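> After the structure tokens below, expect a handful of questions from me.
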Amino acid sequence: AQKVTQAQTEISVVEKEDVTLDCVYETRDTTYYLFWYKQPPSGELVFLIRRNSFDEQNEISGRYSWNFQKSTSSFNFTITASQVVDSAVYFCALGGLYNTDKLIFGTGTRLQVFP
Amino acid sequence: SQTIHQWPATLVQPVGSPLSLECTVEGTSNPNLYWYRQAAGRGLQLLFYSVGIGQISSEVPQNLSASRPQDRQFILSSKKLLLSDSGFYLCAWSAWWDTGYQETQYFGPGTRLLVL
Numbered sequence: 001a002q003k004v005t006q007a008q009t010e011i012s013v014v015e016k017e018d019v020t021l022d023c024v025y026e027t028r029d030t031t032y033y034l035f036w037y038k039q040p041p042s043g044e045l046v047f048l049i050r051r052n053s054f055d056e057q058n059e060i061s062g063r064y065s066w067n068f069q070k071s072t073s074s075f076n077f078t079i080t081a082s083q084v085v086d087s088a089v090y091f092c093a094l095g096g097l098y099n100t101d102k103l104i105f106g107t108g109t110r111l112q113v114f115p
Numbered sequence: 001s002q003t004i005h006q007w008p009a010t011l012v013q014p015v016g017s018p019l020s021l022e023c024t025v026e027g028t029s030n031p032n033l034y035w036y037r038q039a040a041g042r043g044l045q046l047l048f049y050s051v052g053i054g055q056i057s058s059e060v061p062q063n064l065s066a067s068r069p070q071d072r073q074f075i076l077s078s079k080k081l082l083l084s085d086s087g088f089y090l091c092a093w094s095a096w097w098d099t100g101y102q103e104t105q106y107f108g109p110g111t112r113l114l115v116l
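From first to last, the protein sequence lines stand for chains A and B.
Note that this note's numbering numbers the first sequence so that position 108 is 108, with each residue one more than the last.
Note that this note's numbering numbers the second sequence so that position 110 is 110, with each residue one more than the last.
Set out below in structure tokens:
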């Protein structure tokens with residue numbers, strides 16, 4: 001069965017600290033997709049990144065970076081020099097190859113960044 | 001560019017009353033459409049998805065139903081609301097391609113429903 005585990009329920013940091021959000025997944029599929037979404041207090045889920053299982057190259061986008069390690073089934077998300085605006089709930093999700101394969105979401109990690 | 005709308009933004013309904021939530025997408029054709037529910041402090045639960053007009057797949061047995069009367073319109077309904085239907089309802093869309101491969105889902109602003 002497919003499963004996504006975000007073991008960190010809540011993380012609190014002070015502004016400018018680096019923070020890593022962990023995501024561990026389980027799947028028997030050889031081809032799959034991984035996603036990260038941000039849910040600010042307003043509630044809307046904002047798409048951050050999509051990665052397919054063939055591409056293990058790490059990605060950096062500004063202060064955000066993602067470390068995909070197939071060997072450990074992990075897709076961790078790091079925010080460098082965190083800011084108050086980063087405060088949100090972050091969800092990791094796993095999807096199969098086809099669009100009829102539903103997304104499996106983790107339970108989310110609430111990040112609070114204090115000034 | 002594509003945009004997704006949901007309304008109403010918030011709704012307070014008595015138990016036993018009907019429900020109709022609407023979702024529309026602009027700027028794309030033949031999207032895949034999804035309804036999710038998020039209970040307070042919890043993850044997302046897929047309720048329904050649709051790959052075309054009149055094509056609805058249900059993921060969870062409940063007293064909710066969904067319809068897709070037009071290509072870019074997705075409606076979530078109930079004949080009689082239960083207390084347990086309270087939550088945050090999110091609509092999402094993804095592009096449809098001939099390959100049928102998984103595409104990114106983009107979410108709407110959501111509807112907060114409180115059943116009293």
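Backbone N, C-alpha and C define an ideal beta-carbon position, used for all residues, glycine too.
Bear in mind that the values here come from a model prediction, so they are computed numbers and not experimental data.
(1) Note down, in chain order, every chain A residue with its Cβ under 7 Å from the Cβ of N165 of chain B.
(2) Hey, could you find the ends of the beta strand (DSSP E) A95 of chain B is sitting in?
(3) Whose C-beta lies closer than 8 Å to the C-beta of L45 of chain A among residues of the same chain, with five residues either side of it excluded?
(4) Assuming T3 of chain B contacts G27 of chain B under a Cβ cut-off of 8 Å, what Cβ separation, rounded to an integer in Å, is found between them?
(5) Measuring alpha carbon to alpha carbon, tell me which residue in B:V60, B:G52, B:P18 and B:H5 is nearest Y36 of chain B.
(6) Indicate the three-state DSSP secondary structure (helix, strand or coil) for V60 of chain B in the structure shown.
(7) Assuming F48 of chain B and A66 of chain B form a contact by the criterion Cβ under 8 Å, report the distance between their Cβ atoms to the nearest whole angstrom.
(8) Taking C-alpha atoms, which residue in A:K16, A:V19 and A:Q6 lies nearest to E26 of chain A?
(9) Which complete beta strand (DSSP E) runs does the stretch 28-72 of chain B hold, if anything under 3 residues is left out?
(10) Are the CB atoms of S20 of chain B and D71 of chain B nearer to each other than 8 Å?
(11) Tell whether a beta-carbon distance below 8 Å holds between F35 of chain A and T104 of chain B.
(12) Can you give the Cα-Cα distance for Q102 of chain B and G96 of chain A, rounded to whole angstroms?
(13) Return yes when the Cβ of L116 of chain B is within less than 8 Å of the Cβ of V15 of chain B, no when it is not.
(14) So the candidates are A:I49, A:T31, A:E15 and A:V4; which of them puts its Cα closest to the Cα of C23 of chain A?
(15) Which residue from B:L90, B:F74 and B:K80 puts its Cα closest to that of G54 of chain B?
(16) What did DSSP end up calling V15 of chain B once you bin it into helix, strand or coil?
This is what the structure gives:
(1) Chain B is shown only over 1 to 116; residue 165 of chain B falls outside these bounds and no answer can be derived.
(2) For the purposes of this step, residue 95 of chain B is taken as the residue at position 95 of the second sequence. No beta strand (DSSP E) holds A95 of chain B; DSSP gives it neither H nor E.
(3) Walking along the first sequence from the start, residue 45 of chain A turns up at place 45. So the list reads Y37, K38, Q39 and F91, once near-sequence residues are dropped.
(4) The sequence position of residue 3 of chain B within the second sequence is 3, counting from 1. The sequence position of residue 27 of chain B within the second sequence is 27, counting from 1. Indeed they touch by this definition, with Cβ atoms about 6 Å apart.
(5) On the second sequence, residue 36 of chain B is found 36 positions in, with the first residue counted as 1. Residue nearest to Y36 of chain B within the set B:V60, B:G52, B:P18 and B:H5 is B:V60 (criterion: CA-CA distance).
(6) Counting from one through the second sequence, the residue named residue 60 of chain B turns up at place 60. Reduced to three states, the DSSP call for V60 of chain B is coil.
(7) Numbered from 1 along the second sequence, position 48 holds the residue referred to as residue 48 of chain B. Numbered from 1 along the second sequence, position 66 holds the residue referred to as residue 66 of chain B. 4 Å between Cβ atoms; contact.
(8) Residue numbering aside, residue 26 of chain A sits at position 26 when the first sequence is read from its first letter. Minimum Cα distance to E26 of chain A is reached at A:Q6.
(9) 32-38, 44-52, 55-58 and 64-70
(10) Against the second sequence, residue 20 of chain B aligns to sequence position 20. Against the second sequence, residue 71 of chain B aligns to sequence position 71. The answer is no: Cβ separation not under 8 Å.
(11) To locate residue 35 of chain A, count along the first sequence from 1; it is residue 35. To locate residue 104 of chain B, count along the second sequence from 1; it is residue 104. Taking 8 Å as the Cβ cut-off, F35 of chain A and T104 of chain B qualify as a contacting pair.
(12) Here the question's residue 102 of chain B lines up with position 102 in the second sequence. Here the question's residue 96 of chain A lines up with position 96 in the first sequence. Cα to Cα, the separation comes out at about 7 Å.
(13) Taking the second sequence and counting its residues from 1, the one referred to as residue 15 of chain B is at position 15. Taking the second sequence and counting its residues from 1, the one referred to as residue 116 of chain B is at position 116. In this structure, V15 of chain B sits near L116 of chain B, with a CB-CB distance shorter than 8 Å.
(14) Counting from 1 along the first sequence, the entry for residue 23 of chain A is found at position 23. Out of A:I49, A:T31, A:E15 and A:V4, A:V4 has the C-alpha closest to the C-alpha of C23 of chain A.
(15) By 1-based counting over the second sequence, the position of residue 54 of chain B is 54. Per the Cα distances, B:F74.
(16) In the second sequence, the residue the question calls residue 15 of chain B occupies position 15. If DSSP states are grouped into helix, strand and coil, V15 of chain B belongs with coil.
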